[in-house]
Amino acid sequence: MLSSDLAAVGFDAPTYAELADAASYRGLTKFNGSDAFDELLIYNDPSGARLIMAVQGTEVTMFPSFTVETAFWPATAGMIDDLTALVYLFNTQGEPWCAFTALVDEPFTLPFIEASGLVDVCSDFYPELRVATLAMDTEIYPDVSAWAQATIWDPFAGPPEPGELYNPFVEDYLGGATPSELGNGTLLTLQVDAVETRTNHLTGLNFHVATGEIKGRSTPLQVCLSAEHSSELKVGCVIEGAVQMIATDGLWDGLRDYQQANPDRDGGQSL
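Numbering that gives the first Met the number 0 numbers the first residue of the sequence shown as 0 and each following residue consecutively.
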């Protein structure tokens, strides 16, 4: 397995180079308008899985993303490095509720910010900001009862409930840590309301897309997990552990839809 986040959406190969070659053969979308990279190469899989390759000179940064079906509103975000954004979600009363770092597959669509600029960026909501998660190091419990029994909790506060989303590194960033000093991963507990198995067309590997609600929001959150490491997943299960957050505003989804509607078009597209 190349990495747990790639496996979460069914991407794997003996080497990164072989995975990149396979995606290139299927056709890539190329974007050359970023100041941070020479070009971005995007492979959109019919399953909804997405592979991003950011090229700078001879170096290639590869990471996965996903076609997220629902937008989280109100939400706001700003880039803190070339690929990572600080995302704020707001509750149904419009109050800041949750913050986390996320990989962004369209980094050129969001403004750069510093910790001191958060007040300014938080005044602008992004109506099409879509958020999902890729499982990195998670446990699956058969139901809420089994999860609660395995969780240490304050008896005076009552038993815990799933639906938490917490990134411990946001406070580090606000305290002055640089993006390169931040850890990678957000902590999630989520009860599964629906689960779907999909097949990555590039690799033939299956992955699961689980959906559930997080506290304070009625918008369903999607979690992608490698089918090999989540065979016991079903409705009612609780997912707990470290996940990689991803954020997108839907640009590549539109191009994916175009490519699927025009299957006879050879090669990729350039923007």
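A virtual CB, placed ideally from N, CA and C, is assigned to each residue, including glycine.
query: Quick check on residue 74: does DSSP put it in helix, strand or coil?; result: strand
query: Taking the alpha-carbon positions, what's the residue 22 to residue 42 distance?; result: 6 Å
query: Does any C-beta atom of chain B lie closer than 8 Å to the C-beta of residue 248?; result: The structure shown contains no chain B, having only a single protein chain.
query: May I have the straight-line CA-CA distance separating residue 271 from residue 29, to the nearest angstrom?; result: As shown, the chain starts at 0 and ends at 270. That puts residue 271 outside it, with no answer to give.
query: Per DSSP, which one or two residues make a beta bridge with residue 272?; result: Outside the displayed range of the chain (0 to 270) lies residue 272, so it cannot be described from this structure.
query: Which residue marks the beginning of the alpha helix (DSSP H) containing residue 212, and which one marks its end?; result: Residue 212 -> not in any alpha helix (DSSP H); beta strand (DSSP E) instead, spanning 205 to 212.
query: Note down, in chain order, each residue of its chain lying with its Cβ closer than 8 Å to the Cβ of residue 118, except the 5 sequence neighbours on either side.; result: With a pLDDT of 45 at residue 118, under the threshold of 50, the modelled position of that residue is not reliable, and the figure given next carries that caveat. Closer than 8 Å at Cβ, skipping near neighbours: no residue.
query: What's the gap between the Cα of residue 214 and the Cα of residue 236?; result: 17 Å
query: Please classify residue 16: does DSSP put it in a helix, a strand, or coil?; result: helix
query: What's the C-alpha gap between residue 163 and residue 9?; result: 26 Å
query: Can you tell me whether residue 167 is buried or exposed? The criterion is at least 16 other CB atoms within 10 Å of its CB, across all chains shown.; result: exposed
query: Locate the alpha helix (DSSP H) running through residue 234, then write down its first and last residues.; result: Per DSSP, residue 234 belongs to no alpha helix (DSSP H) and is neither H nor E.
query: How many Å lie between residue 241 and residue 34 at the Cα?; result: 31 Å
query: Would you mind working out which of 101, 206, 209 and 143 sits nearest residue 62, comparing C-alpha positions?; result: 101
query: What would DSSP say about residue 147, mapped onto helix, strand or coil?; result: helix
query: Can you tell me which of the three DSSP states residue 191 falls into?; result: coil
query: Is residue 39 buried or exposed, if buried means 16 or more other CB atoms sit within 10 Å of its CB?; result: buried
query: Taking DSSP as the reference, what is the three-state secondary structure of residue 34?; result: coil
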